[in-house]
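In order, the protein sequence lines correspond to chains A and B.
Quick note on our numbering: the first sequence kicks off at 1 and runs consecutively.
Quick note on our numbering: the second sequence kicks off at 300 and runs consecutively.
In what follows, a single structure is set out as structure tokens and then discussed.
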Amino acid sequence: MNAWFIQHRAALAAAFRRLWATPLNTLLSLVVIGIALTLPAFGYVALDNLRDLGRSASGVQQISLFMNLEAGKKDVAEIENRLRQAANGKWKFVPKEEALKRMQASEGMAEIVASLPRNPLPDAFIVEPTNTEPEALEILRKEISGWPKVAHVQLDSAWVKRFDAFLRLGKLALWMLAGLFGAGLVAVTFNTIRLQVMAQSVEIEVARMIGATDGFIRRPFYYFGALQGALGGLLAAGLVLGALHLLSGPVGELAALYGGSFGLRLPGVPEAAVLAALGAFLGWLGAQLSVSLSLRKFD
Amino acid sequence: MIEASNLSKRYPGGLDAVKDASFRIDAGQMVLITGHSGAGKTTLVKLISTIERPTSGSLVVNGQNLSALGRHAIPHVRRHFGLVFQDQKLLFDRNALNNVMLPLEIAGQPRREAIRRAQAALDKVGLLAREKANPIALSGGEQQRLAIARAVVNRPTILIADEPTGNLDTESGMAILDIFADFHRVGVTVVVATHDQSWIERYHPNVLRLDHGRVVS
Ligand SMILES: Nc1ncnc2c1ncn2[C@@H]1O[C@H](COP(=O)(O)OP(=O)(O)OP(=O)(O)O)[C@@H](O)[C@H]1O
Ligand SMILES: [Mg+2]
């Protein structure tokens, strides 16, 4: 066992002791850090679930393709050909005669249809692409519009686009929130460590005078900041999990009302580890800034 | 060995606390630094232990030129010294044993070895029975002895003390004197700043007398 390892272990032990020594302070700091991490983490999980929800609901994305009225059998065959090549999904041809028959079948339309001199409806295709990403749909729509004898292409996914835009906005807001609360965490750690350095100024002074290196003096504070941040991160993971647990029942019922079966995706060990690591990093950053500033007066 | 030539220290604010001091302390010697209050004893002690840096002149300790020392070398040089401060600087947030262990922690000693050596140092100054006591619960003489235990625990080659008998009665002062004499006897270089005359009567050490920062004898 070399001196390096011994000193790091001692610094970690010292950090634990400091956390234990002032349980109330530690608890309050952890709650502040925990909440600071909970809000963005919860937002992240919520957005993640919403995106899943949007995906599953947008399974019936359709593109309706209407031909020119004067388009003939040859033109239809051409479009079929192109669809076969372009659309990697299902599509269905609706001839104008069938469209007219359907129209006749609907209530109150029979007489109107009968009074028409000729069939006013165009031939049409209903395309169901496999890739239902809003961007992919939009690209496909543009492509089809350029095909010969195509009068109009209609994308039945306006709400998906809106939903997607909403998700993107949510994500942006989430990042801003995370940045804000992350800065808050750094500030909380900064202040905690500043007070510790002040409380231990005699120890720091003595240690320096009898040969302590910079690293020896700083290390316990770094470990403290990182440890406190990591514990706060774990607390946040617990809070998010608890909140989702409470929500999963009502969300399931709501989904059932709309005929869907939607289960909340709960964060697991990897997500908790990420939160802890994030907390540790921010805590370490706060400690680093604080120690660098506070130790200046000892030089 | 400590060798100073034309050593001067001027604090920001004006006066030379130590001025053109040249002297030599051989390894294993016991040297007393005396002089009136404000003569520069503490300043000289701080210069030797690298806590203060000289304004001019040179100071060589154990073959190392302290005035040319880089920032990162200083902590390692300091570990050769055992320091007893004028105001002791004991830590009141931990017990006696943990106070004595601090230099060993700094040196990266394994914990068990550190405890063993700290207990030996406490035994040496007659405080082993009080190892669990907080320094605040110790008498003035005991606190001074605790400070000495912390200074010697890492087996320094040079033991430097600033007024170690300053505010002690004669009897406790004598006990401290004897501890330093013990270390001197086993080959440790002992440098003590004091105006306590009983040292001279008892041990006839080499004396470095300061007057307004100058070495007068
Ligand atoms: N940090 C400092 N800044 C400015 N001046 C100082 C500083 N430390 C000491 N001095 C001055 O330097 C001179 C020498 O001080 P020093 O403490 O070395 O004396 P001393 O011999 O140890 O005195 P005493 O016997 O009272 O402890 C004094 O005039 C003192 O006021
Ligand atoms: Mg003094």
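C-beta: ideal position from N, C-alpha, C; glycine also.
- Looking at the DSSP output, A:Q154 sits in a beta bridge with A:S64.
- Taking each of A:A226, A:G238 and A:I204 in turn and checking the Cα distance to B:D392, the smallest one comes out for A:I204.
- At least 8 angstroms separates the CB of B:I478 from every CB of chain A.
- In summary, the residues of the region 189 to 220 of chain A whose CB is separated from some CB of chain B by less than 9 angstroms are A199, Q200, V202, E203, E205, V206, A207, R208, M209, I210, G211, A212, T213, D214 and F216, in the order they occur in the chain.
- Pairwise C-beta distances place the region 183 to 198 of chain A in contact with the region 24 to 38 of chain A, as three or more of them are shorter than 8 angstroms.
- Placement of the Cβ of B:S355 at a distance of 7 angstroms or more from every heavy atom of ligand 1 is found.
- Scanning its chain for C-beta atoms nearer than 8 angstroms, with the 5 sequence neighbours on each side dropped, one finds around B:R309 the residues D315, A316 and T354, in chain order.
- What A:A15 touches in chain B, judged by beta-carbon distance under 9 angstroms, is nothing: the nearest beta carbon there is about 14 angstroms away.
- Closer than 8 angstroms to the CB of A:Q228 there is not a single CB belonging to chain B.
- Using a CB distance cut-off of 8 angstroms, B:P409 counts as an interface residue toward chain A.
- In summary, the residues of the region 378 to 402 of chain B whose CB is separated from some CB of chain A by less than 7 angstroms are R378, L382, K388, L390, L401 and P402, in the order they occur in the chain.
- By the CB criterion at 8 angstroms, A:L264 and A:S290 fall outside the cutoff.
- Interface criterion met: the Cβ of B:I350 is under 8 angstroms from a Cβ in chain A.
- The beta carbon of B:G339 is closer than 7 angstroms to those of A316, V317, L509 and G512 in its chain, skipping five residues each way along the sequence.
- A:M109 counts as exposed, since fewer than 16 other beta carbons sit within 10 angstroms of its beta carbon.
- Assignment of alpha helix (DSSP H) within the region 65 to 133 of chain A, counting only whole runs of 4 or more residues, yields 73 to 86, 96 to 105 and 110 to 115 in chain order.
- Closest in alpha carbon position to A:L39, among A:A173, A:Q228 and A:L254, is A:A173.
- Proximity of the region 14 to 31 of chain A to the region 265 to 280 of chain A falls short of the contact definition, fewer than three beta-carbon pairs being nearer than 8 angstroms.
- Within the model, the alpha-carbon separation for A:F181 versus A:F221 is close to 21 angstroms.
- In this structure, DSSP gives B:D495 a state outside helix and strand, which the three-state scheme calls coil.
- Burial check for A:S106: the Cβ neighbour count within 10 Å stays below 16, so the residue is exposed.
- In the DSSP assignment, B:I373 falls within the alpha helix (DSSP H) that extends over I373 to R377.
- Proximity of A:I33 to chain B, defined by a Cβ-Cβ separation below 8 angstroms, is not satisfied.
- For the pair B:A480 and B:A450, the Cα-to-Cα distance works out to about 15 angstroms.
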